[in-house]
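A.B. asks: Numbering (the numbering used here), first residue to last: 7 to 478. We put the beta carbon where it would ideally sit given N, CA and C, even for glycine.
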C-alpha cells in the first residue's frame with residue numbers, strides 16, 4: 007500500500023482499531039485471514055523453539071525468509087514469517103493472540119499503530135534496551151517506537167521525503183556562474199601551476215592549485231542547491247534553463263507526505279513521541295505564514311492538482327524536464343535502474359528539504375516500522391533476540407532487496423544518496439500514535455488542497471484546530 011493510501015486509511019479504520027482496546031480480553035470467534043498458507047504444525051519430536059513473525063508487506067517476504075534461515079543457523083530455534091493481510095491488521099493479531107492456534111510472537115508494525123497495539127495488550131517493552139539506543143538509531147526512530155516512556159518496538163525501517171535535483175544541470179549552471187564572475191573553468195588551470203601560490207599585489211595573477219580550485223567549485227555546486235524557498239525562487243528567476251526543461255520545481259501537491267514539511271516544525275500533534283494528548287498545537291502565527299508561502303508557490307509553479315501524480319513527476323525528472331522535485335527513497339532505485347538501462351542521461355543528487363523561507367523552519371514527515379513483541383507470546387526471550395538480529399546485524403542488504411531504508415545508522419553508510427534520506431529522517435517528525443488523531447491526515451490533506459487553490463489560510467487553520475480539539 008502506498009504511503010498516501012495508508013495515511014488516508016488511518017481515519018477510516020481508526021474507530022475500528024479503537025475498539026480493539028475495549029475488547030482485548032474478550033473472545034472473538036473469527037480467525038485471522040492469512041494471505042499465505044499457515045505453516046504445518048511442528049512435529050512433536052521436533053524440540054526446536056519456534057516463533058512466528060507476522061508482517062503485512064509482501065515485498066518483505068524473501069528478505070524475511072532469508073533472515074529467518076540465517077537466524078536459525080547454529081541455534082536450536084526456528085522463525086516462521088507469516089504474511090497477513092494489512093486489512094484490520096491489529097485486529098487480526100488480537101484474534102490470533104486470543105484464539106490461536108498460532109500466536110504471533112513478534113510482528114512488524116508502523117509507529118502510528120503502536121498505541122493501539124499496546125492498549126490492546128499486544129505489545130510489551132523491549133528487553134534489549136542497549137540495542138535500542140542512539141548508538142544504533144537516530145532519536146527520531148527511538149521516539150517513533152516509544153509510547154508513554156516505554157520503547158515497545160525495535161526500529162526496523164523508515165520512510166521520509168527529501169529534495170531531488172538534477173546534478174548535471176546545477177553543475178553546468180554553477181560553472182557558468184563562476185565563469186561570469188571571471189573565475190574561469192577548471193580546465194583553464196595549467197598543470198604546472200604552483201601549489202597555492204598567491205602573488206601579492208597582482209590580483210589578476212592569483213594562483214590556486216587544482217585541488218583547491220576543485221574544492222571551491224564543489225562547494226559552489228553545493229551552495230547552488232537551495233536551502234529555502236526564497237533561494238529556490240531566486241534560482242528560478244535567474245536560471246537559464248535548457249530547452250527541454252519544463253519546470254524548475256514540481257512535486258505531488260496532492261499528497262500530504264510531500265507537503266507536510268511546510269508546517270512540520272510548527273504543528274505539534276502529540277509531541278516528539280506522538281503520544282501526548284496534552285501537547286496539541288494546530289494554529290500558530292508561524293504555521294499560518296508557512297501555509298501562506300505554500301499557497302504562493304502556486305503562482306510560480308502552477309501545478310495542476312487534477313493531473314499531477316508522483317510516478318509521472320518522477321518520469322518527467324528522468325526525461326530531464328525538471329530541475330527539482332520532492333521524492334521518497336524509492337526514487338533512488340528507480341533512477342539507478344534508469345541510468346543502467348540508458349533512459350536517464352543525467353547525474354542526480356538528494357538534498358535536505360528547503361525551508362519554507364529564510365526565517366521559517368520546515369520539518370519533514372516520517373513513518374517508522376518496528377518489530378514489536380507480543381505480550382501474549384510464550385517465547386518473548388527468543389522473539390526479542392530475533393528482533394535484535396533483524397534490526398541489527400542482518401540489515402546490510404535491506405534496501406537492495408526490499409527498497410526499505412534501514413533505521414539502523416550503520417547501514418547504507420557508504421551510500422551518499424541514501425544517507426541524505428537518513429539526514430532528513432534524523433530531523434523529521436513521526437506520525438502521531440494517538441487514536442483521537444487517526445483522521446488528522448485526511449483533514450490536513452484536505453486543508454492543504456484547498457489552500458493550494460486559494461482558500462483563506464487562517465480560516466482553514468482555525469477549522470482544522472476546532473475539528474482536532476473536538477475529538478479529545
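#1: So, residue 423 versus residue 340, is the Cβ gap smaller than 7 angstroms?
#2: Which same chain residues, not among the five before or five after residue 144, have their C-beta less than 7 angstroms away from its C-beta?
#3: Would you call residue 258 buried or exposed, if buried means 16 or more other Cβ atoms sit within 10 Å of its Cβ?
#4: Given this structure, state the Cα-to-Cα distance separating residue 359 from residue 83, to the nearest angstrom.
#5: In chain order, what residues of the same chain lie with their CB nearer than 7 angstroms to the CB of residue 77, ignoring the 5 residues before and after it?
#6: Under three-state DSSP, which class holds residue 185?
#7: For residue 179, which of helix, strand or coil comes out of DSSP?
#8: Nearest to residue 357 by CA position, among 106, 122 and 428, is which residue?
#9: Excluding the five sequence neighbours on either side, which residues of its own chain have a C-beta within less than 7 angstroms of the C-beta of residue 336, listed in chain order?
#10: State whether the segment 263 to 272 contacts the segment 362 to 372, with contact taken as three or more CB pairs (one from each stretch) at a distance under 8 angstroms.
#11: Counting beta carbon pairs with one atom in the segment 57 to 66 and one in the segment 108 to 121, are three or more of them shorter than 8 angstroms?
#12: Shortest alpha-carbon distance to residue 119 belongs to which of 137, 94, 103 and 141?
#13: Using a Cβ-Cβ cutoff of less than 6 angstroms, which residues in the same chain neighbour residue 260 once the five nearest sequence positions on both sides are dropped?
#14: So, at 8 angstroms on beta carbons, what are the nonlocal neighbours of residue 440 in its own chain, with the 5 sequence-adjacent residues on each side left out?
#15: When every heavy atom of the ligand ZN is checked, does at least one fall within less than 6 angstroms of the C-beta of residue 117?
#16: Going by DSSP, what residue range makes up the alpha helix (DSSP H) through residue 88?
#17: Strictly by DSSP, which residues pair up with residue 330?
#18: Roughly how far, in whole angstroms, is the beta-carbon of residue 233 from the beta-carbon of residue 361, given that I think they are within contact range, below 8 angstroms?
#19: Tell me the rounded alpha-carbon separation between residue 246 and residue 255.
#20: Leaving out the 5 sequence neighbours to the left and right, which residues in its chain are closer than 6 angstroms to residue 31 when beta-carbon positions are compared?
#21: Just confirm the distance between the C-beta atoms of residue 231 and residue 176, as a whole number of angstroms; I'd bet it's less than 8 angstroms.
#22: To test your reading of the DSSP string, which unbroken beta strand (DSSP E) runs of 3 or more residues are found completely within the segment 413 to 461?
#23: How many Å lie between residue 69 and residue 243 at the Cα?
C.D. replies: Taking the structure as given:
#1: no
#2: 415, 431 and 432
#3: buried
#4: 45 angstroms
#5: 85, 392 and 395
#6: helix
#7: helix
#8: 428
#9: 409
#10: yes
#11: yes
#12: 94
#13: 311
#14: 121, 275, 276, 280, 281 and 283
#15: With respect to the ligand ZN, the structure shown offers nothing to examine, as it has no ligands at all.
#16: It is not in any alpha helix (DSSP H) - residue 88 instead sits in the beta strand (DSSP E) that spans 83 to 89.
#17: 171 and 255
#18: 7 angstroms
#19: 14 angstroms
#20: Legend: pLDDT at residue 31 = 37, less than 50; position of this residue unreliable, no value from coordinates given.
#21: 7 angstroms
#22: none
#23: 47 angstroms
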